[in-house]
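Novice: Numbering (my numbering), first residue to last: 0 to 351. After the structure tokens below, expect a handful of questions from me.
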Ligand SMILES: NC(=O)c1ccc[n+]([C@@H]2O[C@H](COP(=O)([O-])OP(=O)(O)OC[C@H]3O[C@@H](n4cnc5c(N)ncnc54)[C@H](O)[C@@H]3O)[C@@H](O)[C@H]2O)c1
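Below you can see the structure in the form of structure tokens.
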């Protein structure tokens with residue numbers, strides 16, 4: 000393996016971009032050469048904090064620089080598809096923030112383009128680089144949790160209100176990507192209800208979304224996302240037949256493993272037998288275990304993974320196709336929202 004550093008360029012450095020920039024700038028294996036942002040105050044921020052980094056006005060400068068091997072796209076969601084396409088066509092590897100695109104056709108097209116050009120395409124599904132989520136997955140994969148019956152999550156806060164996408168496109172990519180990862184599957188159906196409280200009606204943007212995703216084998220994932228809530232909540236509960244686990248991202252200890260459950264006991268002998276057999280339900284209220292996890296900043300793990308994939312030509316954990324699965328679920332959720340919560344099938348095109 001060569002020791003040469005990967006030279007990076009970045010497009011968009013608003014609210015989230017600085018977190019990516021800090022992590023990429025701190026990594027050994029890469030160098031950030033240029034960051035483009037249309038907003039003057041953002042360019043001033045970069046010039047002040049990273050004087051060695053060039054600050055062009057837009058991404059075209061970055062795309063035509065032959066020294067820049069890979070591009071990070073951290074602009075608003077609606078611009079992702081076009082910028083990623085331009086970067087891939089310019090021969091760059093690409094890291095794009097979630098969501099990969101605003102519709103499944105665009106997402107698939109970008110994956111195929113990346114394959115055709117032999118480029119790396121990675122989506123910023125940050126939580127898959129989180130040690131607590133990875134520990135939770137290990138416990139599911141090892142059989143410790145048993146058969147997963149259902150999961151549910153809440154991602155709530157007061158703000159930040161976005162006016163370019165609804166709460167589902169802004170917040171639920173995290174929840175959908177986490178549940179796809181934990182279940183090793185993609186959802187097949189979605190039903191979603193939303194609340195429009197803040198935005199002009201013509202914008203048709205939900206501030207709150209309640210989304211139920213059905214996975215193969217009737218596993219149900221329910222997520223509630225909102226930027227109109229009194230408290231910051233980020234929890235995910237997994238209920239299996241052997242263990243129940245709560246992941247609380249805002250608590251000091253992230254994982255709570257409950258040896259709790261209810262199992263079916265003996266048949267109840269009834270004086271007047273009914274049509275259905277009845278069974279005793281035995282409650283198991285065992286111990287709560289809180290593992291002591293080593294928690295590196297997920298973003299640093301994510302950024303290091305992208306640089307490693309670029310340097311070693313490896314397929315990222317969160318490759319373009321993982322972005323397709325998330326995009327397809329969110330697109331179907333939009334259709335369900337428009338149809339008053341009616342179930343909508345999620346169609347995910349096959350690779351190739
Ligand atoms: N992974 C996470 O936890 C996380 C958290 C927040 C946001 N995000 C994602 O990060 C992305 C950016 O979100 P944000 O909140 O930083 O948005 P933002 O609006 O605060 O910042 C976007 C920046 O991009 C610049 N920009 C837009 N189009 C451009 C173009 N064509 N060329 C150059 N500059 C351009 C704007 O001037 C702005 O400074 C979104 O995709 C969002 O979903 C991810």
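Every residue gets a Cβ at the ideal spot worked out from N, C-alpha and C, and that includes glycine.
Go ahead and label residue 280 buried or exposed: buried means 16 or more other beta carbons lie within 10 angstroms of its beta carbon, across all protein chains shown.
Specialist: By the 10 Å Cβ count, residue 280 comes out exposed.
Novice: Using 8 Å as the cut-off, can you tell me whether the stretch 244 to 253 makes contact with the stretch 262 to 269, which would need three or more C-beta pairs spanning the two stretches below that distance?
Specialist: Touching, no, given that fewer than three Cβ pairs across the two stretches are closer than 8 Å.
Novice: So the candidates are 34, 141, 172 and 224; which of them puts its Cα closest to the Cα of residue 154?
Specialist: Measuring from the Cα of residue 154, the nearest candidate turns out to be 224.
Novice: How long is the line joining the alpha carbons of residue 0 and residue 305, rounded to whole angstroms?
Specialist: At residue 0, the pLDDT of 46 sits below 50, so the modelled position is not reliable and the matter cannot be decided from this model.
Novice: Identify the residues that DSSP records as bridge partners of residue 92: which are they?
Specialist: 69.
Novice: Skipping 5 residues on each side, what residues in its chain have a beta carbon closer than 6 Å to that of residue 333?
Specialist: Correct list: empty, nothing qualifies.
Novice: Run through the stretch 289 to 339 for me and flag every whole alpha helix (DSSP H) of 4 or more residues, listed as ranges in chain order.
Specialist: Counting whole runs of 4 or more residues, the stretch 289 to 339 contains the alpha helix (DSSP H) stretches 297 to 311 and 319 to 337.
Novice: Cα-Cα, which of 145, 105 and 15 is closest to residue 240?
Specialist: With distances taken between Cα atoms, residue 240 lies closest to 145.
Novice: Look up residue 231 in the DSSP assignment and say whether it is helix, strand or coil.
Specialist: In this structure, residue 231 counts as strand in the three-state DSSP scheme.
Novice: Let me make sure I understand the geometry here. Which of 296, 10 and 65 has the alpha-carbon closest to that of residue 45?
Specialist: When only C-alpha atoms are compared, the closest one is 10.
Novice: Are the CB atoms of residue 99 and residue 85 within a distance shorter than 8 Å?
Specialist: No. Outside cutoff.
Novice: Using only the heavy atoms of ligand 1, determine whether one of them is closer than 7 Å to the beta carbon of residue 295.
Specialist: Checking every heavy atom of ligand 1 against the Cβ of residue 295, none is found closer than 7 Å.
Novice: Within 10 angstroms of the Cβ of residue 147, are there 16 or more other Cβ atoms? Answer buried if so, exposed if not.
Specialist: The residue is buried, with at least 16 neighbouring Cβ atoms inside 10 Å.
Novice: Looking at the strands, I want to know which residues DSSP matches up with residue 123.
Specialist: The partner list for residue 123 (beta bridge, DSSP) reads 96.
Novice: Go ahead and pull the three-state DSSP assignment for residue 279.
Specialist: Correct three-state label for residue 279: strand.
Novice: In its own chain, which residues sit with a C-beta less than 7 Å from the C-beta of residue 170, not counting the 5 before and 5 after it?
Specialist: The answer, listed in chain order, is 154 and 224.
Novice: One question on the structure: do residue 34 and residue 54 come within less than 8 Å of each other, judged by their Cβ atoms?
Specialist: A contact, by the Cβ cut-off of 8 Å.
Novice: When every heavy atom of ligand 1 is checked, does at least one fall within less than 7 Å of the C-beta of residue 302?
Specialist: No, Cβ of residue 302 sits at least 7 Å from all heavy atoms of ligand 1.
Novice: In three-state DSSP terms, what is residue 216?
Specialist: In this structure, residue 216 counts as helix in the three-state DSSP scheme.
Novice: What's the call for residue 48, buried or exposed, on a 16-neighbour Cβ count within 10 Å?
Specialist: With fewer than 16 Cβ atoms within 10 Å of its Cβ, residue 48 is classed as exposed.
Novice: With H, G and I counted as helix, E and B as strand and the rest as coil, what does DSSP make of residue 6?
Specialist: Three-state DSSP puts residue 6 in a strand.
Novice: In the DSSP assignment, what residue or residues form a beta bridge with residue 133?
Specialist: Residue 133 is not bridged to any residue.
Novice: Are the Cβ atoms of residue 150 and residue 220 separated by less than 8 Å?
Specialist: Going by C-beta atoms, residue 150 is nearer than 8 Å to residue 220.
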